[in-house]
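Visitor:
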Amino acid sequence: MGKLNIITKGILKENPIFVLLLGMCPTLGTTTSAINGMGMGLATMFVLIMSNIVISLISSLIPSKVRIPSYIVVIASFVTILQLVMQAYLPGLYDTLGLFIPLIVVNCIVLGRAEAFASKNSIVDSALDGIGIGVGFTLGLTVLGAVRELLGSGALFGFKFIQGDGMLVFILAPGAFIALGYLLVLFNKYKAKL
Amino acid sequence: MAKESTLKNMLLTLSIVTLAASTFLGMVYAVTKGPIEEAMIQKTNSAIMQVVPEFTNDPSSDKLLVDLSGKSYWVYPAKNGDNLVGLAVESSSSGFGGRISLMVGFSSDGTIYDISVLSHTETPGLGDKIESSKSNFSVQFKGTNPDEFKILVKKDGGDVDAITASTITSRAYCDAVRIAYEVFKQYLNDNK
Amino acid sequence: MEYILIIISAVFVNNIILSQFLGVCPFLGVSNKVSTAAGMSGAVTFVMAVATLVTYLLQYYVLIPLGIEFMQTVTFIVVIASLVQMVEIMMKKISPSLYQALGIFLPLITTNCAVLGVAILVVSKEFTFGGDPQLLNMSQAIVFSIANAIGFGLAMILFSGLREQLELANVPKEFKGVPIALITAGILALAFMGFAGLV
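Those protein sequence lines, which keep their order, are chains A, B and C. Numbering of the first sequence is given in the numbering used here, commencing with residue 1 and proceeding in unit increments. Numbering of the second sequence is given in the numbering used here, commencing with residue 1001 and proceeding in unit increments. Numbering of the third sequence is given in the numbering used here, commencing with residue 2001 and proceeding in unit increments.
(1) Under 9 Å between the Cβ atoms of L144 (chain A) and I11 (chain A)?
(2) Can you pull the chain A neighbours of V2123 (chain C), defined as C-beta to C-beta under 9 Å?
(3) State yes or no: is the C-beta of V56 (chain A) within less than 9 Å of the C-beta of S153 (chain A)?
(4) Would the region 171-191 of chain A count as touching the region 26-42 of chain A if we require 3 or more Cβ pairs under 8 Å?
(5) If you draw a straight line from the C-alpha of F159 (chain A) to the C-alpha of I1115 (chain B), how long is it?
(6) Apart from the five residues on each side of it in sequence, which residues of its chain come closer than 8 Å, Cβ to Cβ, to G1158 (chain B)?
(7) Run through DSSP, which three-state label would S1015 (chain B) get?
(8) For G1125 (chain B) and L168 (chain A), I'd like the C-alpha separation in whole angstroms.
(9) At the 9 Å Cβ level, is Q163 (chain A) part of the contact set with chain B, yes or no?
(10) DSSP beta-bridge partners for P1077 (chain B)?
(11) State yes or no: is the C-beta of N5 (chain A) within less than 9 Å of the C-beta of L97 (chain A)?
(12) One question on the structure: do V1075 (chain B) and V1089 (chain B) come within less than 9 Å of each other, judged by their Cβ atoms?
(13) According to a CB-to-CB cut-off of less than 7 Å, which residues of the region 1053-1078 of chain B neighbour chain A?
(14) Using the beta-carbon of each residue, which ones in chain B are nearer than 8 Å to M2001 (chain C)?
(15) Return yes when the Cβ of T1044 (chain B) is within less than 9 Å of the Cβ of M1103 (chain B), no when it is not.
(16) Using beta carbons (cut-off 9 Å, strictly below), is E1122 (chain B) in contact with chain A?
(17) Closest by CA to K1071 (chain B), which one among B:E1182, B:L1188 and B:S1108?
(18) Using the beta-carbon of each residue, which ones in chain C are nearer than 7 Å to Y1173 (chain B)?
(19) Looking at L2058 (chain C) and T2075 (chain C), is the spacing between their C-beta atoms short of 9 Å?
(20) In terms of residue numbering, what span does the alpha helix (DSSP H) encompassing L150 (chain A) cover?
(21) So the beta strand (DSSP E) M1103 (chain B) belongs to, where does it begin and stop?
(22) Here's a check: name, in chain order, each residue in its chain whose Cβ is nearer than 6 Å to the Cβ of T2045 (chain C), leaving out the five neighbours to either side.
(23) From the beta carbon of F2192 (chain C), is the nearest beta carbon of chain B less than 9 Å away?
(24) Taking only three categories from DSSP, how would you classify S56 (chain A)?
(25) Between Y182 (chain A) and I2017 (chain C), is the Cβ-Cβ spacing less than 9 Å?
(26) Have a look at G92 (chain A) and K2092 (chain C) and give me their C-alpha separation to the nearest angstrom.
(27) Could you give the DSSP three-state label for S2031 (chain C): helix, strand or coil?
(28) Secondary structure at P1059 (chain B), three-state DSSP: helix, strand or coil?
(29) Which residues in the same chain have their Cβ closer than 7 Å to the Cβ of G112 (chain A), if we skip the five residues on either side of it in sequence?
(30) Interface residues of chain C around A1021 (chain B) at Cβ under 7 Å?
(31) Expressed to the nearest angstrom, what Euclidean distance is found between the alpha-carbon atoms of S2097 (chain C) and V2011 (chain C)?
(32) Can you tell me whether I2180 (chain C) is buried or exposed, with buried defined as 16 or more other CB within 10 angstroms of its CB?
(33) Are the C-beta of V2054 (chain C) and some C-beta of chain B separated by less than 9 Å?
(34) Would you verify that the beta carbon of A61 (chain A) is, or is not, closer than 9 Å to some beta carbon of chain B?
(35) Going straight from the alpha carbon of A2043 (chain C) to that of L2106 (chain C), what length do you get?
(36) Determine the chain A residues that contact A1039 (chain B) at a beta-carbon separation under 8 Å, and present them in chain order.
Put into structure tokens, the structure is as follows:
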């Protein structure tokens, strides 16, 4: 498999949100605006890349029966590092994303990639896979966040287009489900044309 | 390839992995501890700067506790030379999603200079309009004196326009502002 | 009284799936049939209650006294992962019939963010019962976790009932499967918003 291919497949063909349907909790919970979605995506990408690298390094040393607990400890450590660093240097974003930062640990994408890719491939390939899936996840979150922000508050990346409120429901919980549902429909339609 | 699993190597691996992880985390914690505390102080300081008139002292080192009906509140006196130009009061109340913490700033004559939200857990898109960056809700308090401008939502007979569809949040915000005003008066009383 | 408030708030007003977005993966993944949804909910209830109890004790009697709250995420997830394994082994020995019913769902629960989410919420979120916001005490924490599990079960079972009907419905090709399920979930969440004034 070409190196470029490893990156691009995560963005379109195996997009974690639109194709694999993994990591739905942060996808729905943090995308009240495009910026928040992007922040969450980047945070997840950091954990994905770092844990992919470390796991691909140590996977040959770990007995297969304790591999999942070991991977979880590695992932949880990187999440904690992320928590500490964000609290120190990006306290605002940390407050907004709140509970969903520690929950990156149980994001199925991270453990899924560790188990399915990083444990069987070289360090470089695992890092590239982390980048690809991470970018795909970030893109998905940003798009969903942008759609919800645009419809819900008439703004995009914080710039307001209309006076007053938008369709508030899109910022609230039901809108998250509905917006993602319609985005999936669009994605399916577009994919069929390819 | 993955190794054969025996009890010995499983235990050994898990211990090494956890030990390595906690050592590493301990190191990161030690490095970030300072900046995290600094970030929190910075947050308080920038809130104070926003809510009181210009000052020359360091309000967060002059901070003191004021007791009001059995509870203590932090106040940050802003002074220009020796003159008290304003007072920032940290107060909180229960909103829709949890605690709403405000930094309410008063000029020395008792009018509200400005209000900043320190933390809240209100619904995004509804209750979070108490943040000054999200709507004009907090503007209506600026320059008013709580003795004349009744800090209650209009539904409760006051002068405050509540946020649409967020009456509970607006009420809680008003509660916190009223508490802050009482603390301000108490502070003046204590420091006559 | 506060127990009733906790239960109503956790089950209806702040439903863990439909308004907190925790546990959405199993919500979409194993909600094709009512029976599997019920099985999953049962397993989650059990694990969530035990996990919350253990993590609560750990937080207040180990992490805070030692001043290492930053290890919270690592500790909690390790506890939950090992707990799930233990429950699985014990259930197999003690009640094979219960294991038959719930066993296959247990491995999936480790990565169910609802369990970790509730464990973290219990020790970090302040609740209000009329008075000042405050953290939960132990019995309130247990009630909160069970109420959340019930909320999870309620949403799962309602949703799987809807999905069984959707299977038979004639929906456009692009909407088939997850997209229409998501839109349905959105409408269900909209209905749950009606409970907002209850507490």
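Each residue gets a CB set at the ideal place from its N, CA and C atoms; glycine is no exception. All figures in this text were calculated on a predicted structure; none of them were measured in a lab.
Guide: Working from what's here:
(1) Here residue 144 (chain A) refers to the residue found at position 144 when the first sequence is read from its first residue. Here residue 11 (chain A) refers to the residue found at position 11 when the first sequence is read from its first residue. Not closer than 9 Å, so no.
(2) Sequence index remark: in the third sequence, residue 2123 (chain C) carries index 123 (1-based). Taking the beta carbon of V2123 (chain C) as reference, no residue of chain A falls within 9 Å; the closest one sits roughly 11 Å away.
(3) Indexing the first sequence from 1 puts residue 56 (chain A) at position 56. Indexing the first sequence from 1 puts residue 153 (chain A) at position 153. In the sequence as displayed, the identity of residue 56 (chain A) is Ser instead of Val. Cβ atoms of S56 (chain A) and S153 (chain A): not closer than 9 Å.
(4) Short answer: they touch.
(5) Sequence index remark: in the first sequence, residue 159 (chain A) carries index 159 (1-based). Sequence index remark: in the second sequence, residue 1115 (chain B) carries index 115 (1-based). Cα to Cα, the separation comes out at about 23 Å.
(6) Walking along the second sequence from the start, residue 1158 (chain B) turns up at place 158. Here the set comprises K1150, I1151, L1152 and C1174.
(7) Within the second sequence, the letter at position 15 stands for residue 1015 (chain B). It is helical.
(8) The residue you call residue 1125 (chain B) lines up with position 125 of the second sequence. The residue you call residue 168 (chain A) lines up with position 168 of the first sequence. Roughly 7 Å separates the two Cα atoms.
(9) The residue you call residue 163 (chain A) lines up with position 163 of the first sequence. Not an interface residue.
(10) As a working note, residue 1077 (chain B) is residue 77 in the second sequence. Beta-bridge pairing links P1077 (chain B) to B:L1087.
(11) Residue 5 (chain A) sits at position 5 when you count from the first residue of the first sequence. Residue 97 (chain A) sits at position 97 when you count from the first residue of the first sequence. Taking a C-beta distance under 9 Å as the contact criterion, N5 (chain A) and L97 (chain A) do not qualify as a contact pair.
(12) One-based indexing of the second sequence puts residue 1075 (chain B) at position 75. One-based indexing of the second sequence puts residue 1089 (chain B) at position 89. Yes, Cβ-Cβ distance for V1075 (chain B) and V1089 (chain B) is below 9 Å.
(13) none
(14) Indexing the third sequence from 1 puts residue 2001 (chain C) at position 1. At a beta-carbon threshold of 8 Å, none of the residues of chain B lie near M2001 (chain C); the nearest stands roughly 16 Å away.
(15) Stepping through the second sequence from its first residue, residue 1103 (chain B) is reached at position 103. Stepping through the second sequence from its first residue, residue 1044 (chain B) is reached at position 44. In terms of Cβ geometry, M1103 (chain B) and T1044 (chain B) form a close pair [threshold 9 Å].
(16) Taking the second sequence and counting its residues from 1, the one referred to as residue 1122 (chain B) is at position 122. So, not an interface residue.
(17) What you label residue 1071 (chain B) is simply residue 71 of the second sequence in a count that begins at 1. Among B:E1182, B:L1188 and B:S1108, the Cα nearest to that of K1071 (chain B) is on B:E1182.
(18) For the purposes of this step, residue 1173 (chain B) is taken as the residue at position 173 of the second sequence. Chain C residues near Y1173 (chain B): none, gap ~14 Å exceeds 7 Å.
(19) Stepping through the third sequence from its first residue, residue 2075 (chain C) is reached at position 75. Stepping through the third sequence from its first residue, residue 2058 (chain C) is reached at position 58. It is a contact, given that the beta carbons lie within the stated cut-off.
(20) The residue given as residue 150 (chain A) occupies position 150 in the first sequence. Unbroken alpha helix (DSSP H) run through L150 (chain A): I123 to S153.
(21) Counting from one through the second sequence, the residue named residue 1103 (chain B) turns up at place 103. Its beta strand (DSSP E) spans residues R1099 to S1107.
(22) Mapped onto the third sequence, residue 2045 (chain C) falls at position 45. Result list for T2045 (chain C): A2149, in chain order.
(23) Counting from 1 along the third sequence, the entry for residue 2192 (chain C) is found at position 192. False, the Cβ-Cβ gap to chain B never drops below 9 Å.
(24) Translated into positions along the first sequence, residue 56 (chain A) becomes position 56. Here S56 (chain A) sits in helix by DSSP.
(25) Within the first sequence, the letter at position 182 stands for residue 182 (chain A). Within the third sequence, the letter at position 17 stands for residue 2017 (chain C). For Y182 (chain A) and I2017 (chain C), no; Cβs fall outside 9 Å.
(26) For the purposes of this step, residue 92 (chain A) is identified with residue 92 of the first sequence, where counting begins at 1. For the purposes of this step, residue 2092 (chain C) is identified with residue 92 of the third sequence, where counting begins at 1. Their backbone Cα atoms lie some 47 Å apart in a straight line.
(27) Working through the third sequence from its first residue, we reach residue 2031 (chain C) at position 31. The answer is coil: DSSP assigns S2031 (chain C) none of H, G, I, E or B.
(28) Working through the second sequence from its first residue, we reach residue 1059 (chain B) at position 59. In this structure, P1059 (chain B) counts as coil in the three-state DSSP scheme.
(29) In the first sequence, the residue the question calls residue 112 (chain A) occupies position 112. L22, listed in sequence order.
(30) Taking the first residue of the second sequence as 1, we reach residue 1021 (chain B) at position 21. Neighbours of A1021 (chain B) on chain C, chain order: V2074.
(31) The residue given as residue 2097 (chain C) occupies position 97 in the third sequence. The residue given as residue 2011 (chain C) occupies position 11 in the third sequence. The alpha-carbon atoms of S2097 (chain C) and V2011 (chain C) are separated by roughly 28 Å.
(32) Locating residue 2180 (chain C) in the third sequence gives position 180, where the first residue counts as 1. It counts as buried.
(33) In the third sequence, counting from the first residue as 1, residue 2054 (chain C) sits at position 54. Not an interface residue.
(34) Stepping through the first sequence from its first residue, residue 61 (chain A) is reached at position 61. Here residue 61 (chain A) turns out to be Leu, not Ala, going by the sequence shown. True, the Cβ-Cβ gap to chain B drops below 9 Å.
(35) Looking up residue 2043 (chain C) in the third sequence gives position 43. Looking up residue 2106 (chain C) in the third sequence gives position 106. Between A2043 (chain C) and L2106 (chain C), the C-alpha separation is close to 7 Å.
(36) Here residue 1039 (chain B) refers to the residue found at position 39 of the second sequence. Q87, A88, Y89 and P91, listed in chain order.
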